[in-house]
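Same order as they appear, the protein sequences are chains E and F. Residue 30 in the working numbering sits at position 30 of the first sequence; the count goes up by one each step and never skips. Residue 347 in the working numbering sits at position 347 of the second sequence; the count goes up by one each step and never skips.
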Amino acid sequence: MKKFFLYVGVILMIFFCLFPIYFLLLNSFEPTSVSYSSPPILYPVAFTFSNYIGVFKDISLGSYIVNSLIVSLSATAIALLIGSMAAFAIAKIKFKGSSTLLNLLLILGFFPAATMIFPLYEMFAKFHLLNNYLSLILPYTTMSIPLTVWVLSTYFGQIPGELYEAARVDGMSRFQAFYKIILPLGIPAASTVAILDFIACWNEFILALTFMTKENMRTITVGISMISGRFSYQYPWGEIIAGALIVTVPLVVIIFVAQEKIISGLTAGAVKG
Amino acid sequence: MHKLELKKVVKRFGEKVMAVNNANFFVDDGEFVSLLGPSGSGKTTTLRLIAGLEKADEGEISINGKIVNALSPSERDIAMVFQSYALYPHMSVYKNMAIPLEIRKVSKAKIKQRVTSIAEMLGIPNLLDRKPRELSGGQRQRVALGRALIREPNLFLLDEPLANLDAILRHRMRGELKSLFHHVHGTTIYVTHDQEEAIAMSDRVIVMNYGLIQQIGAPEEIYKRPINKFVALFVGTPQINIFEAKNAKSMSKVLSSQKLIALEKLLHKGKVEIGIRPENITIEKGPISGKVILTEPMGANILVSVEISLNSERIKIKSLVPNTMRVSEGDDVNLSLKESEMLFFLNEKRVEI
């Protein structure tokens, strides 16, 4: 009986979480006229691909996706490169002020992006970086680093100190000890934080809207928000929904693929002397 | 020139804690030296200072006559076996053993030959493809040894390598380790809190307590002529008997008249204690009468605790007797203490009388 209520609860919960996605999916395959019907129709009526074709034909969704990928992947990679080294230094090399540095990073992480728009805009304008991938890669990297360092330094800190010491005694330089021993053991944490960084960059809107003014440089989030402006007679719900789903798919795929990796990484990293 | 020499080495942790206080000692080529002491005595810190994992606050550490204080662990050319073994979990046994050579850019063929021969020597050639997590404690320990033995370093540093093994394996590995490091003619520094291990394995033992070196000497010397009460109590199982000699009169049954005169003189200088190891006390015939309060069979021997009274004072004394002897709790016995083996401590320091 207890189990029965548990299952009912779980089913309700799943329904609650998945219903919006179902509704989006449903409407993305319906003509806009159906989406607008009141009360809303919760089952398939007319099936059409027109919304999906529309987003690629009417707006250049493909190039937005490419832009977003370039910017997000670059920022994630650079943040991971810099962040992992910083995290290693904080976790394994004794130096004065390492905890202060960590706290400072946390404070930086709380800085709302909106407050940086104006100075960044001025700066990028001066360096002719507007409408350049760098105008997003640079701030995205900066915004990703605090989380990266925090997660990785905690994880590296849990790797027994003796492993690092053994590496040093075995003749490795600090850098060798980092990339031959500490980094491979940190893969589970690194892949987790990479996903989080990537999602944050992929979803970022306000900086992308401000710094990428040329149509062909827009990222996906901005691109979708611009769909509505093209149609004067009716709000194109169908196409917006289709666009939103297309944008979400890469994230879902990444998480599913990476989940495997994270789990296998966790078992490989069974760190016990 | 000594292989390793420490001169006035000091290591502090924070303001107050003296982890290592003025350590002076040397180790010669091919020697097997133990650093022995209870936990917190500074023995592991001393080892880490030699390895370069800690920086000395004062003093000089030299290897082959060259001062190495400023050198990093990788520049000192030493090999270390950690208590937790510290095997690289993501690498196979082969790779774990090969990596010190790979770092030194030794050719692949030579690495393979070396790993194979060391693995043969340690009896683990069948484990080379495994990962550390698939190994038992004893096997991991061998791999850790292999990683150290793979090259020919200036020094082998072993930090309680047997502490995590079960008792039977620990005893077996003791002998194996000793012959192994003699075989490769390695200069070895061995940290342990187990005095039996130190006595059994070492050419010389360095006894430490509270960051201070108490005594340096050959195992027999440490055992027979401990420099102070701490060393006497710390080394030897079963533990040495120590009782206070408050006045010469009370010791008249224990000591010869010659020693009594000397004792009288000593008593003017401070607190005098007499130590005698259990194996130097015989039961049955002797001048001191007492009552058996406990017997502990120890295989070949029995440890017998006897309560005796010297003058008006009752003291408990332990005697080690062969297991052929019949004693049981409550027996009245007579003891004799071998005077030539007695140790005299004046204010905790041993003196000859």
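Each residue gets a CB set at the ideal place from its N, CA and C atoms; glycine is no exception.
By the 10 Å Cβ neighbour count, where 16 or more other Cβ atoms means buried, how is residue i classified, buried or exposed?
{"i": "lysine 3 of chain F", "result": "buried"}
{"i": "valine 257 of chain E", "result": "exposed"}
{"i": "proline 20 of chain E", "result": "exposed"}
{"i": "cysteine 201 of chain E", "result": "buried"}
{"i": "isoleucine 124 of chain F", "result": "buried"}
{"i": "isoleucine 11 of chain E", "result": "exposed"}
{"i": "isoleucine 180 of chain E", "result": "At residue 180 of chain E the sequence reads lysine, which differs from the isoleucine that was named. Buried, by the Cβ-count rule."}
{"i": "glutamate 197 of chain F", "result": "buried"}
{"i": "threonine 171 of chain E", "result": "According to the sequence displayed, residue 171 of chain E carries glycine and not threonine. Label assigned to glycine 171 of chain E: buried."}
{"i": "leucine 294 of chain F", "result": "exposed"}
{"i": "glycine 265 of chain E", "result": "Residue confidence is low: glycine 265 of chain E scores 49 on pLDDT, short of 50, so the model does not pin down where it sits. Its coordinate-derived value is still stated next. Result: buried."}
{"i": "histidine 90 of chain F", "result": "buried"}
{"i": "phenylalanine 178 of chain E", "result": "buried"}
{"i": "glutamine 258 of chain F", "result": "exposed"}
Check for me: the alpha helix (DSSP H) holding residue i runs from which residue to which?
{"i": "tyrosine 190 of chain F", "result": "Here tyrosine 190 of chain F belongs to no alpha helix (DSSP H); instead the beta strand (DSSP E) covers 188-192."}
{"i": "methionine 13 of chain E", "result": "2-28"}
{"i": "phenylalanine 344 of chain F", "result": "Here phenylalanine 344 of chain F belongs to no alpha helix (DSSP H); instead the beta strand (DSSP E) covers 343-346."}
{"i": "asparagine 203 of chain E", "result": "187-203"}
{"i": "serine 62 of chain F", "result": "Not the alpha helix (DSSP H): serine 62 of chain F falls in the beta strand (DSSP E), residues 58-63."}
{"i": "isoleucine 214 of chain F", "result": "In the sequence as displayed, the identity of residue 214 of chain F is glutamine instead of isoleucine. Note, glutamine 214 of chain F: premise wrong, no alpha helix (DSSP H); beta strand (DSSP E) at 212-217."}
{"i": "isoleucine 206 of chain E", "result": "206-211"}
{"i": "arginine 147 of chain F", "result": "137-149"}
{"i": "alanine 177 of chain E", "result": "174-177"}
{"i": "phenylalanine 124 of chain E", "result": "117-126"}
{"i": "glycine 123 of chain F", "result": "Unbroken run through glycine 123 of chain F: none, as it is neither H nor E."}
{"i": "alanine 166 of chain E", "result": "161-169"}
{"i": "methionine 156 of chain E", "result": "Before going on, a small fix: residue 156 of chain E reads as phenylalanine here, not methionine. First-last of the alpha helix (DSSP H) with phenylalanine 156 of chain E: 134-158."}
{"i": "serine 33 of chain E", "result": "32-35"}
Which of the three DSSP states, helix, strand or coil, is assigned to residue i?
{"i": "glycine 52 of chain F", "result": "coil"}
{"i": "serine 202 of chain F", "result": "coil"}
{"i": "leucine 42 of chain E", "result": "coil"}
{"i": "isoleucine 78 of chain F", "result": "strand"}
{"i": "leucine 251 of chain E", "result": "helix"}
{"i": "glycine 243 of chain E", "result": "helix"}
{"i": "lysine 229 of chain F", "result": "helix"}
{"i": "asparagine 51 of chain E", "result": "helix"}
{"i": "methionine 275 of chain F", "result": "Sequence inspection shows glycine at residue 275 of chain F; the methionine mentioned does not correspond to that position. Of the three classes helix, strand and coil, the one that applies to glycine 275 of chain F here is strand, per DSSP."}
{"i": "glycine 105 of chain F", "result": "Going by the sequence as given, residue 105 of chain F is lysine instead of glycine. Coil at lysine 105 of chain F, not helix or strand."}
{"i": "methionine 357 of chain F", "result": "Since the first and last residues shown for chain F are 1 and 353, residue 357 of chain F lies out of range."}
{"i": "phenylalanine 243 of chain F", "result": "strand"}
{"i": "alanine 23 of chain F", "result": "strand"}
{"i": "leucine 158 of chain F", "result": "strand"}
{"i": "methionine 226 of chain E", "result": "coil"}
{"i": "leucine 335 of chain F", "result": "strand"}
{"i": "histidine 260 of chain F", "result": "Per the sequence presented here, residue 260 of chain F reads as leucine, with histidine not at that position. Leucine 260 of chain F: helix per DSSP, three-state reduction."}
{"i": "valine 184 of chain F", "result": "coil"}
{"i": "valine 33 of chain F", "result": "strand"}
{"i": "isoleucine 99 of chain F", "result": "helix"}
{"i": "isoleucine 59 of chain E", "result": "coil"}
For residue i, which residues in the same chain have their Cβ closer than 7 angstroms to its Cβ, ignoring the five residues on either side in sequence?
{"i": "alanine 208 of chain E", "result": "Leu136, Thr219, Thr221, Val222"}
{"i": "arginine 314 of chain F", "result": "Glu307"}
{"i": "leucine 152 of chain E", "result": "Gly83, Ser84, Ala87, Gly186, Ala189, Ala190, Val193"}
{"i": "proline 146 of chain E", "result": "Leu105, Leu106, Leu108, Gly109"}
Which residues in the same chain as residue i place their Cβ atom closer than 6 angstroms to its Cβ, once the five residues preceding and following it in sequence are excluded?
{"i": "isoleucine 70 of chain E", "result": "Tyr133"}
{"i": "leucine 130 of chain E", "result": "Phe124, Phe211"}
{"i": "threonine 267 of chain E", "result": "Low confidence applies here, because threonine 267 of chain E scores a pLDDT of 47, under 50, leaving its location unreliable; read the following figure in that light. Excluding residues within five positions, none has a Cβ falling inside 6 angstroms."}
{"i": "tyrosine 52 of chain E", "result": "Ala242"}
{"i": "serine 319 of chain F", "result": "Pro278, Ile281, Ile283, Val304"}
{"i": "leucine 310 of chain F", "result": "Ser250"}
Which residue marks the beginning of the beta strand (DSSP E) containing residue i, and which one marks its end?
{"i": "lysine 318 of chain F", "result": "313-322"}
{"i": "arginine 350 of chain F", "result": "349-351"}
{"i": "lysine 11 of chain F", "result": "4-13"}
{"i": "glutamate 284 of chain F", "result": "281-297"}
{"i": "asparagine 301 of chain F", "result": "301-310"}
{"i": "phenylalanine 95 of chain E", "result": "Where phenylalanine 95 of chain E is concerned, there is no enclosing beta strand (DSSP E), given that its DSSP letter is neither H nor E."}
Looking only at its own chain, which residues have a Cβ that is under 8 angstroms from the Cβ of residue i, when we skip the five neighbours before and after it?
{"i": "isoleucine 78 of chain E", "result": "Ile137, Thr141"}
{"i": "valine 271 of chain E", "result": "Because valine 271 of chain E sits at a pLDDT of 41, beneath the cut-off of 50, its placement in the model cannot be relied upon, and the following sentence gives the value as read from the coordinates. Cβ within range, chain order: Gln158, Ile159, Pro160, Leu163, Leu185."}
Check the C-beta distance from residue i over to residue j and give it rounded, since I have them as a contact under 8 angstroms.
{"i": "asparagine 22 of chain F", "j": "valine 10 of chain F", "result": "6 angstroms"}
{"i": "lysine 7 of chain F", "j": "glutamate 60 of chain F", "result": "4 angstroms"}
{"i": "leucine 335 of chain F", "j": "asparagine 280 of chain F", "result": "No, leucine 335 of chain F and asparagine 280 of chain F are not in contact; Cβ-Cβ is about 11 angstroms, not under 8 angstroms."}
{"i": "valine 81 of chain F", "j": "threonine 45 of chain F", "result": "So it is not a contact: roughly 17 angstroms between Cβ atoms."}
{"i": "valine 191 of chain F", "j": "leucine 343 of chain F", "result": "No, valine 191 of chain F and leucine 343 of chain F are not in contact; Cβ-Cβ is about 27 angstroms, not under 8 angstroms."}
{"i": "leucine 157 of chain F", "j": "isoleucine 50 of chain F", "result": "6 angstroms"}
{"i": "isoleucine 288 of chain F", "j": "lysine 253 of chain F", "result": "5 angstroms"}
{"i": "phenylalanine 156 of chain E", "j": "isoleucine 195 of chain E", "result": "Not confirmed; about 18 angstroms, so no contact."}
For the stretch 100-122 of chain F, enumerate the residues whose C-beta is nearer than 8 angstroms to any C-beta of chain A, in chain order. The question asks about chain A, but that chain is absent: this structure's protein chains are E and F.
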